[in-house]
Amino acid sequence: MSSDRDASSRFPLHLLVWNNDYRQLEKELRGQNAEVLDPRGRTLLHLAVSLGHLESARVLLRHKADVTKENGQGWTVLHEAVSTGDPEMVYTVLQHRDYHNTSMALEGVPELLHKILEAPDFYVQMKWEFTSWVPLVSRICPNDVCRIWKSGAKLRVDITLLGFENMSWIRGRRSFIFKGGDNWAELMEVNHDDRVVTTEHFDLSQEMERLTLDLMKPKSREVERRLTSPVINTSLDTKNIAFERTKSGFWGWRTDKAEVVNGYEAKVYTVNNVSVITKIRTEHLTEEEKKRYKEDRNPLESLLGTVEHQFGAQGDLTTECATVNNPTAITPDEYFDEDFDLKDRDIGRPKELTIRTQKFKATLWMCEEFPLSLVEQVIPIIDLMARTSAHFARLRDFIKLDFPPGFPVKIGVCG
181 MSSDRDASSR FPLHLLVWNN DYRQLEKELR GQNAEVLDPR GRTLLHLAVS LGHLESARVL
241 LRHKADVTKE NGQGWTVLHE AVSTGDPEMV YTVLQHRDYH NTSMALEGVP ELLHKILEAP
301 DFYVQMKWEF TSWVPLVSRI CPNDVCRIWK SGAKLRVDIT LLGFENMSWI RGRRSFIFKG
361 GDNWAELMEV NHDDRVVTTE HFDLSQEMER LTLDLMKPKS REVERRLTSP VINTSLDTKN
421 IAFERTKSGF WGWRTDKAEV VNGYEAKVYT VNNVSVITKI RTEHLTEEEK KRYKEDRNPL
481 ESLLGTVEHQ FGAQGDLTTE CATVNNPTAI TPDEYFDEDF DLKDRDIGRP KELTIRTQKF
541 KATLWMCEEF PLSLVEQVIP IIDLMARTSA HFARLRDFIK LDFPPGFPVK IGVCG
């Protein structure tokens, strides 16, 4: 096992965070890399937040530690802040997260608008839908028609699917109209259902100058909402996804399948091992809040083929030398020694974790002669939309997979 001196020499900044020696941390941080991972996959900021050390977390955030980074288990800094149950920690992390996201969005818009301007003009209609062999599930399976018009630096995107909450899809008719130049952009959102138009005009250089941390102060109700709701992390598992040519014909006479879609010949591929993983943590909730969450779950969820696993508190709780955020009294020697097996012990509040896995099978129709380029023309628009829409962010994650050659003229997903 390593000694405390070894930990100090190999992870000196992490050890300062462990001891919440934030004054010395402030001195030592200058010119140092704040994103170095410890043996358990945590950055300095993740370690500070998981241990509930608010003072160290503030020092790290002042030194521009990455507030969006995930730890080795796929949780963000904000996820871990909520888990502590500390409103001040959540407020601080949320404020810096929102400031970072807004800054990145403003900085990235000119480049995206330039890519869109350089691309040839076009119109495209994309329809995608999930299907299920369970009749009762069909009404909650998503489908969307997305229409895109692009002309010069002007862009219009029409959608019919707005989001997903509590196993229910939120539908509505919206149009987003973009106009942009070198340093300005205008966004119009047209709500066709309520007949309301919202217009925002941005002078990008002035917006960046006006953007300050103080402008990003979270409202108290937003902090309260997070502390009284489960921490939910939904991701597309792409590790084992495989694309295979679909075959047609009989045994001995089987050939690669091709079909005509809207006048374009497309090669048909089967996509295997598509999984959506939802992780839900509730250790920060009261018993009443946990009960309310369970009652709010959609009763049709069990019909979707979701596999659910639940995990309780890790390890045996220890009273001697233990703290709220180190309940099994892990020592620095144990934590910073990569050869030491912590088994199911960890720092932070004991996790109450539910993991739901839903497997899908997808079919792709890829046309190599399609007049649009997925990378050059469509993905920049999806990137732009993803900055304000979680629905488009998930769509972006899917279409940025390493697809076979061509344009996906049709996508079918069966759950």
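Everything in the sequence shown is counted per this note's numbering, starting at 181 for the first residue and increasing by one.
Glycine included, each C-beta is placed from N, C-alpha and C at the ideal position.
Fair warning: this is a prediction, and the values are worked out from it, not measured in the lab.
Taking C-alpha atoms, which residue in the options lies nearest to residue i?
i	options	result
Y303	M368, S283 and C326	C326
K437	E291, Y449, N371 and C547	Y449
V599	D417, V239, L335 and G265	One cannot answer for residue 599 here, as it falls past the ends of the chain, which runs 181 to 595.
P290	P530, Y271, G361 and M546	G361
I296	V239, A573 and F358	F358
I460	R190, V270 and K470	K470
I535	P585, S415, R567 and D476	S415
L533	P507, W255, I339 and R220	W255
R210	A245, L217 and N200	A245
S189	P507, P512, R277 and H280	P512
I457	Q538, H233 and W198	Q538
V370	G332, V337 and L286	V337
D301	K334, H233 and I527	K334
I339	G332, D373, S331 and W364	D373
W329	G265, F356 and R574	F356
Please report the distance separating the alpha-carbon of residue i from that of residue j.
i	j	result
K474	E468	10 Å
E404	P267	8 Å
L195	R525	19 Å
Q305	P588	12 Å
W433	K427	10 Å
F572	L544	19 Å
V229	A261	6 Å
K590	I579	12 Å
R354	K307	15 Å
L231	N505	5 Å
N199	R277	25 Å
M347	Y202	Interpretation of M347 is limited by its pLDDT of 48, a score under 50 that renders its predicted location unreliable; the figure taken from the coordinates is listed afterwards. Their Cα atoms are separated by approximately 43 Å.
G443	E548	13 Å
C594	A446	20 Å
V239	Q204	10 Å
Should residue i go down as buried or exposed, given a rule of 16 or more other Cβ atoms within 10 Å for buried?
i	result
N251	buried
M546	buried
I412	exposed
D496	The pLDDT assigned to D496 is 49, lower than 50, so where the model puts this residue is not dependable; a value taken from the coordinates is nonetheless given after this. Per the 10 Å Cβ criterion, exposed.
E380	exposed
D218	buried
G221	exposed
R242	exposed
F191	buried
E389	exposed
Residue i lies in the alpha helix (DSSP H); which residues open and close that run?
i	result
V204	The sequence as given places Gln at residue 204; Val does not occur at that position. Start and end: Y202 to E208.
L564	I559 to A566
V229	L224 to S230
E518	E518 -> no alpha helix (DSSP H), and no H or E assigned at all.
Just verifying my parser: in three-state terms, what is the DSSP assignment at residue i?
i	result
G592	strand
W255	coil
S189	helix
S236	helix
S415	strand
E287	helix
H194	helix
A261	helix
E369	strand
Is residue i near the ligand SAH, in the sense that its beta carbon is under 7 Å from a heavy atom of that ligand?
i	result
T414	As far as ligands go, the structure on display features none, and thus does not contain the ligand SAH.
Just curious, the beta strand (DSSP E) that residue i is in, first and last residue?
i	result
E402	Run containing E402: none in the beta strand (DSSP E); it sits in the alpha helix (DSSP H), S400 to L407.
H381	V376 to D383
K459	Y444 to R461
R425	A422 to R425
E215	No beta strand (DSSP E) holds E215; DSSP gives it neither H nor E.
K541	L533 to C547
V555	Segment: none, V555 is in no beta strand (DSSP E) and carries neither H nor E.
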